[in-house]
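Chemist: So in UniProt numbering, the last spot in the first sequence is 714, and the numbers never skip. Just so you know, even glycine gets a beta-carbon here, dropped at the ideal spot from N, CA and C. Structure provided below as structure tokens; questions to follow.
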Amino acid sequence: MAATARSLLDRLIQHAVGPKRTSPAATSASTIIRHLDSGDLRKAIATLSSSASPFPDNVYASLLHLCSSRRSLVDVRRVESHLVAFSPSSSPSIFLLNRTIVTYARCGSPADARELFDEMPTRDGGTWNAMISAYALSDCPNEAVSLFSRMNSAGIRPKDVTLASVLGCCADLLASFLARQIHCLILKYGYLPNVILDTSVVDVYGKCLEMNDARKMFDLILHPNEISWNVIVRRYLEAGSAGEAMLMFFQMIREGVKPLSFTVSNTLKACSKVLALKEGNQIHAYLLKTGFEGDNVVGCSLMDVYAKCGVVDDARQLFDQLPCKDVVSWTSMISGYVACGRVDEAEKIFEEMPERNVISWNALLAGYIRFFCWDKASDFFCRMWRETGKLDLVSLGLQLNACAGISDLDRGKQIHGFAYRHNWESDKFFRNQLVDMYAKCGNLRNAEISFSIMADQRDTVSWNSLISGYIRYGRSEETLVALSEMQRETIPNEFTFTTILAACANIFMLDVGKQIHAFMVRNGFQLNAIVRGALVDMYSKCRLIEYAIKIFEEESTRDLILWNTIILGCAYNGRGEQSLDLFEEMKKEVAADNVTFIGVLLACVSQGYVDLGRRYFDSMSNEYGIIPRIEHYECMIELLGKYGWMVELEDFIQRLPFEPTIPMWIRIFDCCREHGNIRLGERAAKFINESNPLTPVQFEIIPRAGHHMPCSSG
DNA sequence: ATAGGGTTAG
């Protein structure tokens with residue numbers, strides 16, 4: 001390169017002649033500063049490279065500064081080589097080299113930083129500090145910690161900032177034992193009290209979920225500043241102690257510290273987590289008094305509290321009053337409506353919003369998924385791709401849920417492939433969704449493959465999805481083996497137990513079912529409506545209907561499925577009367593669906609209420625707008641046939657909107673033999689024999705011991 | 001060290 005050749009020449013001349021009074025370096029220094037001031041890094045570097053003499057330290061420092069904000073690794077390398085090559089005393093300022101180390105890290109190359117560190121003939125304390133910060137910045141906490149321990153054994157005193165960054169690394173590594181040692185060092189070097197270090201100690205204990213220690217440290221801080229308060233609130237929130245987070249916030253206010261908006265927002269997140277509407281309102285009042293109205297961060301969190309607590313209209317009011325709405329506030333409003341199940345209003349907001357990003361699209365997509373609008377979700381997903389050309393792993397994961405919901409294996413595979421091509425498929429959430437999609441679509445082999453690929457990331461959710469796949473596709477026996485394998489790797493939760501209970505119900509494993517029930521009670525699991533549903537189902541299938549009824553009665557929020565389970569359970573256990581009573585009670589709380597009517601009709605079968613059953617059957621379409629399915633027709637055939645209403649049965653068959661199935665014909669055939677309906681019985685025989693000519697049946701009426709009695713009446 | 005979207009059950 002010409003510039004390099006000229007620089008070399010300049011340097012030779014300079015050596016031969018000696019520095020002049022007005023050296024060219026002085027003029028190029030001001031040129032470089034001028035370029036840096038106007039933000040022209042390229043020209044500044046060009047000027048630097050064309051000069052073969054050293055510059056004052058502040059020129060290099062300013063160059064490094066701009067390199068780091070431009071993240072330009074190649075330019076840092078140029079600055080470093082100039083610095084090393086032309087330094088007057090053949091060893092450049094250690095201070096500048098330390099700066100260079102950090103700059104390399106900021107430009108994304110801890111390797112360059114380490115190379116420079118290793119090559120430096122003399123280092124000072126700052127060099128170690130720089131290299132440790134460089135590792136911390138580059139997300140290499142292990143390297144940072146081990147370098148710190150080398151530094152410590154070399155007897156070099158760390159600066160407070162170094163200690164702070166090493167503490168941060170301990171947090172990344174969740175290494176509370178290291179954090180404790182560093183805490184001791186801080187005390188030993190006498191750095192305390194120092195709000196920044198104190199707060200870092202609180203932060204590291206909190207991140208390691210050692211909340212008692214975090215709090216102890218916090219209480220020792222003489223004058224916690226707003227950042228210290230922010231840290232303790234946030235740590236409580238993330239450790240799952242929403243109540244403590246709220247208490248700390250109120251204490252902060254009492255002590256007269258004005259919170260950062262992040263602190264307010266974190267406290268509000270705590271409120272929405274535990275549905276603390278009252279506290280949310282109090283904070284709202286405080287915010288109005290202290291002038292937070294225009295703050296979007298705070299506004300969005302408050303909207304979230306209102307939406308989660310079911311007063312979405314308050315959220316809407318807040319939204320309407322926001323002085324300058326941005327994408328985030330619009331998106332918050334969408335998820336607010338989604339949280340309350342008002343998807344149509346979420347749609348309206350979505351259509352009205354002036355600009356959208358991936359997250360806004362995902363918010364509405366999540367709404368469709370949450371309320372089982374799978375086709376709508378798929379259409380929306382396609383529209384998103386068509387209109388924006390953008391998707392991310394959350395959109396794909398949601399779409400996988402839709403595929404699982406409608407058992408669309410082909411589309412699921414396409415999504416899998418798309419994620420694979422974008423190198424997105426290593427995400428744990430996404431992988432769990434993949435396992436679930438394959439399991440729900442019945443492709444257990446692919447579910448197992450996806451499951452084994454994520455070996456090191458597997459959690460309770462992954463196991464739950466796989467196990468529920470086994471049960472759904474008739475492999476209930478395998479669940480116990482899977483459960484014990486699971487326990488070697490992770491801890492089962494109520495989802496797991498619910499699934500295992502379903503297996504127990506399927507294959508009548510009463511003992512295991514009882515054990516799980518007892519285990520949950522002993523270990524303080526709260527039995528929600530879903531767990532109770534599984535217990536009710538297990539006990540009623542295993543013929544312990546009394547247990548089932550007791551568990552049902554202990555639940556206060558009874559949804560459709562729970563009602564259906566107990567109604568079916570009673571009918572199945574021959575307690576038709578009780579089923580029908582429960583059905584009458586149910587109607588006051590929730591709307592019946594087609595499953596309910598299977599239970600109701602079976603109850604009539606068990607009690608011999610033929611006429612009542614016919615009326616219920618007619619009411620399905622007349623009153624409830626529920627179209628009878630094959631199961632309901634089967635129940636009616638059973639009801640009429642079992643009790644010998646042969647005229648009505650023949651009429652019913654005549655009016656069927658479809659040809660009876662072979663199992664139906666077989667049941668009709670048997671009833672006709674028992675109750676003596678030759679015409680229908682021979683018709684049934686004809687259909688059965690057509691479907692299976694190898695073992696034909698012959699119709700004949702079973703002779704009765706006593707007199708023959710037609711049971712049919714009007 | 002910066003708001004908004006995502007996983008499993010009857």
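At 3 residues or longer, what runs of the beta strand (DSSP E) sit wholly inside the region 192-222?
Modeler: none
Chemist: Going straight from the alpha carbon of Glu659 to that of Glu690, what length do you get?
Modeler: About 14 Å.
Chemist: Helix, strand or coil: which one does DSSP assign to Trp563?
Modeler: helix
Chemist: To the nearest angstrom, report how far apart Ala377 and Glu345 are at their CA atoms.
Modeler: 16 Å
Chemist: Determine the contact status of Ile349 and Tyr337, defining contact as a CB-CB distance below 8 Å.
Modeler: yes
Chemist: Could you tell me the boundaries of the alpha helix (DSSP H) in which Phe249 lies?
Modeler: 242-254
Chemist: So residue 721 is in the alpha helix (DSSP H); what residue range does that whole segment cover?
Modeler: The requested residue 721 does not occur in the structure, where the chain is confined to residues 1 to 714.
Chemist: Can you say whether Leu568 is buried or exposed, counting buried as having 16 or more other CB atoms within 10 angstroms of its CB?
Modeler: Within 10 angstroms of the beta-carbon of Leu568 lie 16 or more other beta-carbons, which makes it buried.
Chemist: Thinking C-beta only, is Ile156 closer than 8 Å to Phe190?
Modeler: What sits at residue 190 in the sequence shown is Gly, not Phe. No, these two residues do not count as a Cβ contact at 8 Å.
Chemist: If you draw a straight line from the alpha carbon of Glu638 to that of Lys278, how long is it in whole angstroms?
Modeler: 56 Å
Chemist: If you draw a straight line from the alpha carbon of Asn464 to that of Glu477, how long is it in whole angstroms?
Modeler: 15 Å
Chemist: To the nearest angstrom, how far is it from the Cα of Arg673 to the Cα of Ala404?
Modeler: 45 Å
Chemist: Please list the terminal residues of the continuous alpha helix (DSSP H) segment that includes Trp424.
Modeler: Note, Trp424: premise wrong, no alpha helix (DSSP H); not H, not E.
Chemist: What does the Cβ neighbour count give for Cys570, buried or exposed, with the cut at 16 atoms within 10 Å?
Modeler: buried
Chemist: Hey, how far is the Cα of Arg458 from the Cα of Pro224?
Modeler: 40 Å
Chemist: Would you report the Cα separation of Glu210 and Tyr236, rounded to the nearest angstrom?
Modeler: 10 Å
Chemist: Output needed for Val521: all residues of its chain with C-beta closer than 7 Å, excluding positions within five of it in sequence on either side, in chain order.
Modeler: Nothing meets the Cβ criterion.
Chemist: Among Gly533, Ala439, Arg488, His284, which has the Cα closest to the Cα of Arg475?
Modeler: Ala439
Chemist: So, is Leu680 buried or exposed, given that buried needs 16 or more other C-beta atoms within 10 angstroms?
Modeler: buried
Chemist: What are the boundary residues of the alpha helix (DSSP H) that includes Tyr643?
Modeler: Looking at the DSSP string, Tyr643 is not in any alpha helix (DSSP H), and its letter there is neither H nor E.
Chemist: Determine the burial state of Pro693: buried for a count of at least 16 other Cβ atoms within 10 Å of its Cβ, exposed for fewer.
Modeler: For Pro693, the number of other beta carbons within 10 angstroms of its own is below 16, and it is reported as exposed.
Chemist: Please identify the residue among His675, Pro628, Asn58, Ser621 whose C-alpha is closest to the C-alpha of Leu640.
Modeler: His675
Chemist: I'd like the list of long-range same chain contacts for Cys208, defined as Cβ closer than 6 Å, with 5 residues on each side in sequence excluded.
Modeler: Leu174, Ser176
Chemist: Can you give the beta carbon distance from Gly108 to Arg71, rounded, assuming they're within the 8 Å contact cut?
Modeler: Contact flag correct, Cβ pair sits at about 7 Å.
Chemist: Of the choices Phe617, Lys642, Arg123, Gly240, whose alpha-carbon is the least far from that of Ile630?
Modeler: Phe617
Chemist: Using DSSP with H/G/I as helix, E/B as strand and the rest coil, what is Met664?
Modeler: helix
Chemist: Under a three-way DSSP split, which group does Ser51 fall into?
Modeler: coil
Chemist: Give me the Cα-Cα distance between Lys686 and Gln698, rounded to the nearest whole angstrom.
Modeler: The C-alpha of Lys686 lies about 9 Å from the C-alpha of Gln698.
Chemist: What residue ranges within the region 516-554 form continuous alpha helix (DSSP H) runs of no fewer than 4 residues, ordered along the chain?
Modeler: 529-541, 545-553
Chemist: Exposed or buried, Gln399, counting other C-beta atoms within 10 Å across all chains shown (16 or more means buried)?
Modeler: Buried is the call here.
Chemist: Look up Val311 in the DSSP assignment and say whether it is helix, strand or coil.
Modeler: coil
Chemist: Identify, in the order they occur along the chain, each residue of the same chain with its Cβ nearer than 6 Å to the Cβ of Val531, setting aside the five sequence neighbours on each side.
Modeler: Glu494, Thr498
Chemist: Let me confirm a value: Ala164 is counted as buried when at least 16 other C-beta atoms fall within 10 Å, else exposed. Which label applies?
Modeler: buried
Chemist: Please report the distance separating the alpha-carbon of Gly389 from that of Phe430.
Modeler: 20 Å
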